[in-house]
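In this note's numbering, the protein residues as written are 294 to 606. We put the beta carbon where it would ideally sit given N, CA and C, even for glycine. These numbers were taken from a predicted model, which means no experiment stands behind them. Structure first, commentary second.
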Amino acid sequence: MSESDNTLIYSNKTFLTCRSPTNSFFLCQTLQNVYSDTKQIHIRWYSFVDENQNENKVDENTHFKESYHDKIEIETILTGIESVIHHSDKTITLQKQDIIETNRLLQKSIKGESNVVKSTKSKKRKVTINSDAASSIRKRRRRTVDVDDIEQNKIPKKSKAKLFKVQSNRFLKENQAVTDYQVDPFFESNVPVPFISSSVQSKLAIRAVILNDAELLKSFIDDVARVYSVHIKRDLPKSFSAIHYAIRNNNIELLQMLVEDLLHPKSDRCSFPEVTLKKQTTGNASIRTLGFRTAEIMASRGAREGNNALLKV
């Protein structure tokens, strides 16, 4: 790496202003040294203390507070801020000259971007090239050449005024319509669950034990038409069944009910639901030719593992 490729542009903890998609600017602070060859910059955003602050009317009285970490492209930077004003409430404000300089560069960026858009919409121009022969008797025919054809092999230069806009997760807004469950709604709450299959219905016995509901557990034990076993495990990672939770909760009553069903199971229970998925393998090949053209391909690794995961109880 040459020395020019490793030139320090911004040192760690430097405050920067970046252009936003709404043609205003954001404030952030670098969390690393930024060199000329740096692709992405680790930064910490600074957001407005006043949530109703108009981002297009930032002045020296606008207070900022620390926000979350993120990454930005170096092209999104408008300018570096040499110093900010720190306040006792752990907020910061910008100096007037830095705001003026940021807005100047912001308008330069917007103007440069609009000029680029206009130039791309312009029609192709034709230029005439005169090629007179050395002989005065005969002249070569004039030919027209497309300007775009002349310049198509040249590498287009990026305008210095054109700066890219920040694309960040800070623009995501919280979806208030999503229910925030504090506990597992299937196993640890009384949320109604429709009948899906005998295996899913059987797992509700675990819910009855966790909620210490003896009446509910008895209803699942007696439901031979829809519950094939009250001893099914919760899932593969935990591998706990209803009887394990009864022991852990030291619930003697529920434990006795489960042990009784374990020693004297009901003979007329429904069967385990039929699984229509078939287990997939990597396929096979001929041991004689060992050629890939003879191999019977079943599925890719991701599809195979995803399919087979659904076959596990």
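- By the Cβ-count criterion, residue 488 is exposed, with fewer than 16 other Cβ atoms from all chains shown falling within 10 Å of its own Cβ.
- Within a 10 Å sphere around the beta-carbon of residue 561 sit fewer than 16 other beta-carbons, which makes this residue exposed.
- When secondary structure is reduced to three states using DSSP, residue 339 falls in the strand class.
- In chain order, 495, 496 place their CB closer than 6 Å to the CB of residue 525, counting only its own chain and leaving out the 5 sequence neighbours on each side.
- Of the candidates 357, 523, 483, 515, 523 places its Cα closest to the Cα of residue 499.
- Taking the CA atoms as reference points, residue 363 sits about 6 Å from residue 335.
- In this structure, the CA atom of residue 341 is about 5 Å from the CA atom of residue 357.
- Each residue's CA atom was taken as its position, placing residue 549 and residue 558 some 13 Å apart.
- In the three-state DSSP reduction, residue 479 falls in the coil class, being neither helix nor strand.
- Annotated three-state conformation of residue 492 is helix, per DSSP.
- Contact check for residue 543 against residue 502 fails: the beta carbons are separated by 8 Å or more.
- In the DSSP assignment, residue 327 forms a beta bridge with 303.
- Excluding five sequence positions before and after residue 299, the CB atoms of its chain that fall closer than 8 Å to its own CB belong to 328, 329, 330, given in chain order.
- In terms of CA proximity to residue 308, 370 leads the group 370, 345, 355.
- The Cβ-Cβ distance between residue 366 and residue 333 falls below 8 Å.
- Shown here, residue 524 sits in coil according to DSSP, grouped into three states, outside any helix or strand.
- Separation of the CB atoms of residue 504 and residue 547 is rounded to 10 Å, and the pair is thereby denied contact status at 8 Å.
- Excluding sequence positions up to five before and after residue 384, its CB lies within less than 7 Å of the CB of 342, 356, 357, 358, all in the same chain and listed in chain order.
- With 16 or more neighbouring CB atoms inside 10 Å of its own CB, residue 514 falls in the buried class.
- Assignment of residue 383 by DSSP, reduced to helix, strand and coil, places it in the coil class.
- Apart from the 5 residues on each side of it in sequence, residue 348 sits with its Cβ closer than 6 Å to the Cβ of 317 in its chain, given in chain order.
- Counting of Cβ neighbours within 10 angstroms places residue 490 among the exposed residues, the total staying below 16.
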